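So the structure is just underneath, and the comments pick up after that.
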Amino acid sequence: MPEVTTPAHQTGDFFVDYEEKVFPDVKAEPGEKALVTFHTVAFEGSIGLVNLLQATRLIRKGFETSVLLYGPGVTLGIQRGFPKIGDESFPGHQAMNNQLIKIMEEGGKVYACRFALQALYGHGEPSLIPGIIPINPLDVLDIVLLHRKEGAFIIDTWTM
């Protein structure tokens, strides 16, 4: 039997060099925009939270940032909690809600498709996190096209 002689890792150890940065830190030019779209179900993998963190980072890099929740993406913007709205029933339960709130507090705009909200998921506008702007389903394509015309950086988030 082979003998393991490497000491066990300890709390506070580093596994990688997290300080080395390979690429320059890109900042937005004045007026540059970004759009992050979400067609993903809340809690169905990490992509929803990861790209909400990316949206926050885009704001901090100076981009005028918008988030679009459509299709199952509207589930990211619904108020949740248990036993009461706002209660965190398990660690991370409010992570997406908290990140959307942070995005809005830092100047980002968040939009949610009214069709998906009502027709697909049975929610009304009062179910949305305060500050999220409900939009007509015909606006879903137009917000993307407007950002494209303005040369915005666009991240499309999908879950299959």
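Just so you know, the sequence shown maps onto residues 2 to 161 in my numbering.
Here a beta-carbon is modelled for each residue, glycine too, at the ideal position from N, C-alpha and C.
All of these numbers come straight from a predicted model, not from anything done at the bench.
{"Item": "Cβ neighbour criterion (16 or more within 10 Å) applied to threonine 41", "Value": "buried"}
{"Item": "CB-CB length for leucine 36 against alanine 153, believed under 8 Å", "Value": "5 Å"}
{"Item": "Stretch-stretch touch, CB-based, cutoff 8 Å, three pairs: the stretch 127 to 145 with the stretch 61 to 79", "Value": "yes"}
{"Item": "Cβ distance (whole Å) where glycine 46 is taken to contact threonine 158 below 8 Å", "Value": "Rounded, the Cβ-Cβ distance is 10 Å, inconsistent with contact."}
{"Item": "Buried or exposed (CB count within 10 angstroms, at least 16 for buried), tyrosine 112", "Value": "buried"}
{"Item": "Inter-residue CB distance, glutamine 100 and leucine 53 (contact presumed, cutoff 8 Å)", "Value": "4 Å"}
{"Item": "Contacts around arginine 81, its chain only, beta-carbon distance under 6 Å, and the 5 residues preceding and following it disregarded", "Value": "none"}
{"Item": "Nonlocal neighbours in the same chain, by C-beta distance under 6 Å from lysine 62, ignoring five residues either side", "Value": "Lys28 and Ala29"}
{"Item": "CA-to-CA distance, isoleucine 134 to glycine 108, given in whole angstroms", "Value": "13 Å"}
{"Item": "Alpha-carbon spacing of cysteine 114 relative to aspartate 88, whole angstroms", "Value": "25 Å"}
{"Item": "Nearest candidate by alpha-carbon position, reference alanine 43, set Thr66, Gly74, Phe15 and Pro25", "Value": "Gly74"}
{"Item": "Among Pro138, Glu106, Lys110 and Ile102, nearest to leucine 121 - alpha-carbon criterion", "Value": "Pro138"}
{"Item": "Inter-residue spacing [alpha-carbon to alpha-carbon] between valine 5 and valine 17", "Value": "21 Å"}
{"Item": "Pair within 8 Å by beta-carbon distance, lysine 34 and glutamate 65", "Value": "yes"}
{"Item": "3 or more residues per run - each beta strand (DSSP E) lying fully within the stretch 100 to 127", "Value": "110 to 114"}
{"Item": "Span separating the alpha-carbon of glycine 49 from that of proline 92", "Value": "16 Å"}
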